[in-house]
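Note that the sequence shown covers residues 44 to 378 in our numbering.
We put the beta carbon where it would ideally sit given N, CA and C, even for glycine.
None of the values given here were measured: they were computed from a predicted structure.
Structure record follows, encoded as structure tokens.
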Amino acid sequence: MTRDDEAFLQPDAIEADDWSAFGSRAVWIGPATCQPPSGVQSVLIGLDAHGTLECVSIDAYDVLLTARVDAPAPWIPVPAERLATHAETLAGTVRQQPVAATMLARTLRLTEKLAFAQALDVESLAYSTLLGGQEFRNWCAMQPPRVTTTSPSAEWVKISRTDDIVTLTLNDPERDNAMTAAMRDALYNALANCLDDPSKPFVRIEGNGRCFSTGGHLPEFGSAHDLAKAHVVRTLHSCARALHSLGERASVLLHGACIGSGLEVPAAAHYRVASRDAWFQLPELQMGLIPGAGGTVSVSRAIGRHRTAWMLLSGKRVTAPQALSMGLIHTITRQ
44 MTRDDEAFLQ PDAIEADDWS AFGSRAVWIG PATCQPPSGV QSVLIGLDAH
94 GTLECVSIDA YDVLLTARVD APAPWIPVPA ERLATHAETL AGTVRQQPVA
144 ATMLARTLRL TEKLAFAQAL DVESLAYSTL LGGQEFRNWC AMQPPRVTTT
194 SPSAEWVKIS RTDDIVTLTL NDPERDNAMT AAMRDALYNA LANCLDDPSK
244 PFVRIEGNGR CFSTGGHLPE FGSAHDLAKA HVVRTLHSCA RALHSLGERA
294 SVLLHGACIG SGLEVPAAAH YRVASRDAWF QLPELQMGLI PGAGGTVSVS
344 RAIGRHRTAW MLLSGKRVTA PQALSMGLIH TITRQ
């Protein structure tokens, strides 16, 4: 081990009854060639400063960063001169939202080998837990007063059929197809009808307006008073589960912003197409939450749990070409 490698070693144990220190001890950064300390049960970040892609155990880490530009999954390529800084940026997110970040890492690990529907149940339980947590309450306290607006759209999801292809179009362009409760219910009902259709049509989802969907409608966040009931509703009416159940019959056409649930739901489709202007982002961790519309399952099945954790910890936008190289989408349209 070199002296530079030793500088990254920051072993720390978490005292179960010392929550005041949890924020600064919730993350460990070290060379990927080293086994992380067993005392840390939070977010583990492995670094490959020399681009050799050597790792003591991929399973041991939550995020793996490398200086190698053409690194395969599960590595995230970062320029060598920015590697340490980028790792510290991710660590800063963990320190700001230690409970949510820990819940994220553990949920991704736990659901990695579960069946899709079972993994969604685990995610929802974790999500409901965080809805009742202090980190989410802190975020809510910083938001401006809620103003509930009513979109003029009466048809949240337009449904059309040509031969054996059903097209479902998210139809609230005035609010960038925000995934309101009304939008979610309309989409779920449409997907459920397609699942029950004996003709077994192919199903394509797209969005009307300048983007596919900006995700959850912010004024609705934190509006659920019964978190247990919210979990039941969320899992029984899961759009991601319904879309995944369609198997090879499901496809999505993405454009513009695909944020939060605007990525989590379409990521469950078998075939994902995006325009060149599409971009993808998972901002939930900044709110003290993890994805609640299926993202820890759908996105991680597409790009792996390490890269999913990176998307959430960094909060960065992923462009269409980047998404293609990661496996988040299958092709980019020429339009």
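If we ignore side chains and look at the alpha-carbon of each, how far apart do residue i and residue j end up?
i, j, result
"Leu107", "Gly358", "16 Å"
"Gly290", "Ala312", "7 Å"
"His260", "Met146", "23 Å"
"Thr278", "Ala285", "10 Å"
"Pro241", "Ala293", "16 Å"
"Asp47", "Gln140", "The pLDDT assigned to Asp47 is 47, lower than 50, so where the model puts this residue is not dependable; a value taken from the coordinates is nonetheless given after this. Spanning the two alpha carbons is a distance of roughly 28 Å."
"Arg180", "Gln186", "10 Å"
"Glu155", "Arg348", "7 Å"
"Phe363", "Leu173", "For clarity, residue 363 is Ala in the given sequence; the question names Phe instead. The straight-line gap from Cα to Cα measures roughly 30 Å."
"Ala229", "Val200", "6 Å"
"Val275", "Leu238", "20 Å"
"Phe245", "His129", "42 Å"
"Ala160", "Ala235", "15 Å"
"Ser256", "Leu325", "12 Å"
"Met354", "Leu328", "10 Å"
"Ile202", "Val209", "7 Å"
With DSSP as the reference, please indicate the residues paired to residue i in a beta bridge.
i, result
"Thr374", "Val316"
"Glu249", "Thr212"
"Thr366", "Note that residue 366 is Ala in the sequence shown here, rather than Thr. Bridge partners of Ala366: none, in fact."
"Arg204", "Val209"
"Leu355", "DSSP output for Leu355 lists no bridge partner at all."
"Val466", "The chain is shown only over 44 to 378; residue 466 falls outside these bounds and no answer can be derived."
"Ala221", "Answer by DSSP bridge pairing: none, since Ala221 is not bridged."
"Ala300", "Trp322"
Going by beta carbon distance, what residues of the same chain come within less than 6 Å of residue i, once the five residues before and after it are set aside?
i, result
"Trp182", "Met330, Gly331"
"Leu371", "Ala345, Ile346"
"Ala114", "Pro120"
"Thr374", "Val316"
"Leu356", "Leu133, Thr136"
"Phe323", "Cys301, Leu306, Val361, Ala366"
"Trp62", "Low confidence applies to Trp62: its pLDDT is 48, below 50, so where it sits in the model is not reliable enough to give any reading."
Once you ignore the five residues that flank residue i on each side, which residues in its own chain have a CB closer than 7 Å to its CB?
i, result
"Ala224", "Glu263"
"Ser281", "Leu163, Gly337"
"Arg350", "Ala116, Pro117, Ile119, Met369"
"Tyr170", "Leu332, Ile333, Gly335"
So the beta strand (DSSP E) residue i belongs to, where does it begin and stop?
i, result
"Phe323", "322-324"
"Val295", "293-297"
"Gly73", "70-74"
"Cys77", "Segment: none, Cys77 is in no beta strand (DSSP E) and carries neither H nor E."
If you follow the alpha helix (DSSP H) that residue i is part of, which residue opens it and which one closes it?
i, result
"Val342", "338-346"
"Phe179", "177-184"
"Ala225", "224-239"
"Leu306", "304-307"
Short of 8 Å in beta carbon distance, which residues of its chain neighbour residue i, apart from the five on each side in sequence? Order them along the chain.
i, result
"Leu52", "Because Leu52 sits at a pLDDT of 44, beneath the cut-off of 50, its placement in the model cannot be relied upon, and the point is left open."
"Arg152", "Asp105, Arg348"
"Gly220", "It is Asn, not Gly, that sits at residue 220 in the sequence shown. So the list reads Leu213, Asn214, Met226, Gly250, Asn251, Gly252, Cys254, Phe255, Ser256, Thr257, Gly305, once near-sequence residues are dropped."
**OP:** Can you check the region 90-164 for any beta strand (DSSP E) of at least 3 residues that lies completely inside it and give the ranges in chain order?
**Re:** Qualifying beta strand (DSSP E) stretches, in chain order: 106-109.
**OP:** Could I get the ranges of all uninterrupted beta strand (DSSP E) runs contained in the region 244-288, with 3 residues as the minimum, in chain order?
**Re:** If only complete runs of 3 or more residues are kept, the region 244-288 shows the beta strand (DSSP E) at 245-250, in order along the chain.
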